[in-house]
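The working numbering puts the last residue of the sequence shown at 553; the count rises by one with no breaks.
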Amino acid sequence: LRYGQWHVAEAKGLFKASGLSDVQIVNFTEDKDINAALASGQLDAANIATHTAMGMVAAGLPVKIVLLLDVSMTADAMIAGKDVNSVADLKGKQVAFEEGTTSDILLKYALSKNGMSIADVQPVPMPAADAGSALIAGRVPVAVTYEPYLTTARAQNKDVKLLFTAGEDPGLISDVLVVRDEVIKSRPGQVLAMIKAWDAALKDYN
Numbered sequence: 348l349r350y351g352q353w354h355v356a357e358a359k360g361l362f363k364a365s366g367l368s369d370v371q372i373v374n375f376t377e378d379k380d381i382n383a384a385l386a387s388g389q390l391d392a393a394n395i396a397t398h399t400a401m402g403m404v405a406a407g408l409p410v411k412i413v414l415l416l417d418v419s420m421t422a423d424a425m426i427a428g429k430d431v432n433s434v435a436d437l438k439g440k441q442v443a444f445e446e447g448t449t450s451d452i453l454l455k456y457a458l459s460k461n462g463m464s465i466a467d468v469q470p471v472p473m474p475a476a477d478a479g480s481a482l483i484a485g486r487v488p489v490a491v492t493y494e495p496y497l498t499t500a501r502a503q504n505k506d507v508k509l510l511f512t513a514g515e516d517p518g519l520i521s522d523v524l525v526v527r528d529e530v531i532k533s534r535p536g537q538v539l540a541m542i543k544a545w546d547a548a549l550k551d552y553n
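Next comes the structure, spelled out in structure tokens:
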């Protein structure tokens, strides 16, 4: 599901029903861009990975975590073509992934579970949005990415398979809603309304 509920809330009028009359959903292709926009004050709130949010709080950025959005099971995964059948097969191979993101965490965790480290593979840094495409195009034998790019890659090539998912260790990867401190202080009712809209969208989906 990841962040889809916001679009459900927008399409079905759940923001207005929760007391919010003016909500602008901004989509980003790369994690670093949304993180920068939040840190600079261009955004009032953002959906980001838990590890990123904790890093922001630890660094003293004026944001707070207000809601756990999801715990990833198969929405974050390592995918490979027919020539790679296990994580152990990654040794010495190129792996496409976006550094500093949940894909980075998943790759390093999968390697450690199999007695390896990042030094045992050839990292090919690129946006998560491009990693699956690189695998399909044959530029790399393995990619680490997340939805909807996983589904897209598997739909384009029947030989693409899930090699390792976040579900191997539930809780390894999760996402949260963070809100800038000034928004929490000046507009607490709107923050609560956002949470209510998310909850309503989740119930609608289920």
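From the three backbone atoms N, C-alpha and C, an ideal C-beta is built for every residue, glycine too. Given the structure is predicted, the values throughout are model-derived calculations rather than measurements.
Backbone secondary structure at residue i - three-state DSSP
| i | result |
| --- | --- |
| asparagine 382 | helix |
| glutamine 469 | strand |
| aspartate 528 | helix |
| alanine 422 | coil |
| valine 431 | coil |
| tyrosine 493 | strand |
| tyrosine 552 | helix |
| leucine 519 | coil |
| methionine 541 | helix |
| glutamate 377 | coil |
| valine 355 | helix |
| alanine 547 | helix |
| serine 533 | helix |
Reference residue i, options the options, closest by Cα
| i | options | result |
| --- | --- | --- |
| methionine 473 | Pro488, Lys460, Val442 | Val442 |
| histidine 398 | Ala478, Leu524, Ala547, Ile531 | Leu524 |
| valine 530 | Asp369, Val410, Met403 | Val410 |
| arginine 486 | Asp546, Ile381, Lys359, Ala427 | Ala427 |
| leucine 415 | Ser387, Leu509, Ala393, Asn432 | Ala393 |
| glycine 388 | Val526, Arg534, Trp545 | Val526 |
| proline 535 | Ala358, Asp391, Asp430, Phe375 | Asp391 |
| isoleucine 483 | Ala475, Arg501, Glu494 | Arg501 |
| valine 373 | Gly366, Glu357, Thr421, Leu454 | Glu357 |
| isoleucine 395 | Phe375, Ala406, Gly407 | Phe375 |
Integer Cβ distance of residue i from residue j, believed to fall under 8 Å
| i | j | result |
| --- | --- | --- |
| isoleucine 452 | leucine 458 | Their Cβ separation, rounded to whole angstroms, is 11 Å, which puts isoleucine 452 and leucine 458 out of contact at 8 Å. |
| aspartate 551 | valine 355 | 6 Å |
| glutamine 352 | leucine 539 | Actually they are not in contact, since the Cβ atoms of glutamine 352 and leucine 539 sit about 16 Å apart, beyond 8 Å. |
| isoleucine 381 | alanine 400 | Not a contact, Cβ separation roughly 11 Å. |
| glycine 479 | tyrosine 496 | 4 Å |
| alanine 475 | glutamate 515 | Going by Cβ atoms, the distance from alanine 475 to glutamate 515 rounds to 19 Å, so no, they are not a contact pair. |
| lysine 440 | proline 488 | 5 Å |
| leucine 510 | valine 418 | The Cβ separation is near 20 Å, so there is no contact. |
For residue j and residue i, the rounded distance between their alpha carbons
| i | j | result |
| --- | --- | --- |
| aspartate 467 | asparagine 461 | 11 Å |
| threonine 499 | methionine 403 | 31 Å |
| proline 470 | alanine 490 | 10 Å |
| threonine 512 | methionine 425 | 6 Å |
| methionine 463 | glutamine 537 | 46 Å |
| threonine 492 | methionine 541 | 28 Å |
| serine 521 | glycine 447 | 14 Å |
| serine 533 | glycine 366 | 16 Å |
| threonine 421 | leucine 454 | 14 Å |
| lysine 379 | lysine 363 | 30 Å |
| tryptophan 545 | glutamate 494 | 19 Å |
Those residues which DSSP pairs with residue i across a bridge
| i | result |
| --- | --- |
| serine 365 | Its beta-bridge partners do not exist; DSSP assigns none. |
| asparagine 394 | Leu524 |
| leucine 414 | Leu524 |
| lysine 508 | Ala427 |
| alanine 513 | DSSP output for alanine 513 lists no bridge partner at all. |
| alanine 406 | According to DSSP, which records beta bridges pairwise, alanine 406 is partnered with nothing at all. |
| valine 442 | Pro470, Val489 |
Test: residue i CB closer than 8 Å to a CB of chain D
| i | result |
| --- | --- |
| lysine 363 | No chain D is present in this structure, which holds just one protein chain. |
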